[in-house]
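A short write-up of the structure that comes next.
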Amino acid sequence: MDSETSTGKHPTEILAGEIGKFTQDIESLWTTLPLLTNVTGYVLSEARKKKNLYIEKHHIEIKKEGKIFIYSVDAGHSGPLAQLEREYGNLRTACRLVPRHFVISLVSQYDSFLGQVIRFIFAVKPEMLNASEKAIPYTDLIRFQNIEAVKEYIIEKEVESIIRRSHVDQFAWLKEKLKTSFNKELLSWPTFIELTERRNLFVHCDGKICSQYLRVCSEHKCPLPDQCKIGDQLEAPISYFAEAYNCIYEIGVKLAHVIWRRLCPDRLEDSDTNIVDITYELIRKGEYSLAIRILDLFTQDQMKHSDETSKRMMILNRAQAYKWLGDNKQCEQIISLEDWSACEDKFKLAVAVLKGDYLKAYKLMGKLKHDAEFHQAYYKQWPIFKELRQQKEFPEVYQQCYGEPFVLEQTTSKEEDVREIEPPPSNRLKRHPRKSTRSHKIN
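With the working numbering applied, the sequence shown covers -13 to 429.
Below, the structure written as structure tokens:
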């Protein structure tokens, strides 16, 4: 398929960019909320201290009835104390509301991303628009300059109508149009439905449980708080948001790539590259469980890949994710299911390291020092080598191979303004030169 958009880019190139934006946007929420929670918690604590110190300083009468403190003030101190009470009350409310709004924003980012995925579907399958029942009034039609503008208008209206549906109905639409059940055997589906329903409670019901929430969650076997009932107040603690983030990240990436691979099978290499890059970054950041969620799908036997290299990179990333989670047994089982004897030395090195066979790894290091495609910096940067770097023999072997001591360096720069700086070129594992000049990460 060689169709291009008005920008001159293939729809898969645009989708790859949208996947990157989506993952960055929701990651920004996940990394910001704990910081913001800590800050608001600290300020709340300081406000409480400030209020209590004011009471103590001015000798205001206090008495305790059960768990409640009752105090009286004279007219001269009632104003300042009321202000301190308001500040403290506002901060308590903020500590409760801020996590809610992060949940709302998380689901909103997913909805926006789904809209881009649907646009991708119409871009590569424009014939789907033939079934559109959207009517364009004549007064609007005469304002369009060409047929492409009319097409974009119809797409926009179609996307809007789909996004306005419930999240269950959105998946039903995808199943109808693409003849694939995207939520079948999706373990995070109940979590996803509960999350989207809780988001609706936060927006419309102040977080209080309603009958619709209980009904929808019951239909989809969603995990619910113990003995919850209509009128109970739900919140969004950090532990809840963490699982919500993982769920949205997983479903968004899986959905986009399953559709990508189904509709554009001639662009499998680009999809493979994107999946390898995403899961590498997750592993590098220590988000092993999330990397596993994605790779458990894309390393299945029935999943097609552009070539053997891409498949093996995903397998190795999956194996090491399990290893860094402490599941060495699962790591070794994943490796044992493949025949690595005919693979390139860089793959054999990765396998040896994951299995803890360091003597074999050192021999392979000696062979790879002559490989121009395998840079010595990989030993410093790739997560897969983090245990190898800790072996006492490793620095000596490294120096013998490259004629210089092994030194882990970390560089930084002074930020003079808020402009973004272009990141340095990546030094990931390169694919076969005859096929592509792009580079990939195996770990």
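Every residue gets a Cβ at the ideal spot worked out from N, C-alpha and C, and that includes glycine. All values derive from a computational prediction rather than experimental measurement.
Check	Outcome
Of the listed residues Leu181, Val189, Cys250, Lys194, nearest to Tyr226 (C-alpha basis)	Leu181
Cα-Cα separation, His87 to Asn186	11 Å
Local conformation of Glu171 per DSSP, three classes	coil
Distance between Thr23 and Leu1 (C-alpha atoms, nearest Å)	33 Å
Spatial neighbours of Ile280 in its chain, beta-carbon cut-off 8 Å, leaving aside the 5 residues before and after	Glu236, Val239, Lys240, Ile261, Ile264, Thr265, Leu268
Cutoff 7 Å; reference Gly6; Cβ partners in own chain excluding five residues on either side	none
Status (buried if at least 16 other CB within 10 Å, exposed otherwise) for Met299	buried
Rounded separation between Gly312 and Thr259 - CA only	27 Å
Close Cβ partners of Lys366 (< 7 Å) along its chain, the five nearest in sequence each way excluded	Leu394
DSSP three-state assignment for Phe8, whether helix, strand or coil	helix
Short Cβ contact (8 Å threshold) for Lys349 with Ile321	no
Gln219 - DSSP class collapsed to helix/strand/coil	strand
Run of the beta strand (DSSP E) containing Lys50, from where it starts to where it stops	47 to 51
Closest residue to Gln377 among Leu354, Ala363, Tyr344, Ile370 (Cα-Cα distance)	Tyr344
Cut-off 7 Å between Cβ atoms - residues of its own chain near Glu387, not counting five sequence neighbours on either side	In the sequence as displayed, the identity of residue 387 is Cys instead of Glu. Met351, Gly352, Lys355.
Pick from Phe55, Asp60, Val110, Gly101 that is closest to Glu(-1), judged by C-alpha positions	Val110
Sufficient close CB pairs (3 or more, under 8 Å) joining the region 65 to 76 to the region 208 to 224	no
Same chain, Cβ closer than 6 Å to Arg270, neighbours up to 5 away in sequence not counted	Pro369
Run of the alpha helix (DSSP H) containing Phe284, from where it starts to where it stops	274 to 284
Contacts around Gly(-6), its chain only, beta-carbon distance under 7 Å, and the 5 residues preceding and following it disregarded	none
Where Ser322 sits in the DSSP three-state scheme	helix
Alpha carbon of Glu406 to alpha carbon of Gln306, nearest angstrom	Its pLDDT being 44, under 50, Glu406 is placed unreliably by the model, and the measurement read from it follows with that caveat. Approximately 32 Å between the Cα atoms of the pair.
CB-CB length for Ile179 against Val145, believed under 8 Å	Actually they are not in contact, since the Cβ atoms of Ile179 and Val145 sit about 22 Å apart, beyond 8 Å.
Beta-bridge pairing of Ser64 - partner residues as DSSP gives them	Beta-bridge pairing links Ser64 to no other residue.
Exposure label - Ile141; buried when at least 16 CB within 10 Å	buried
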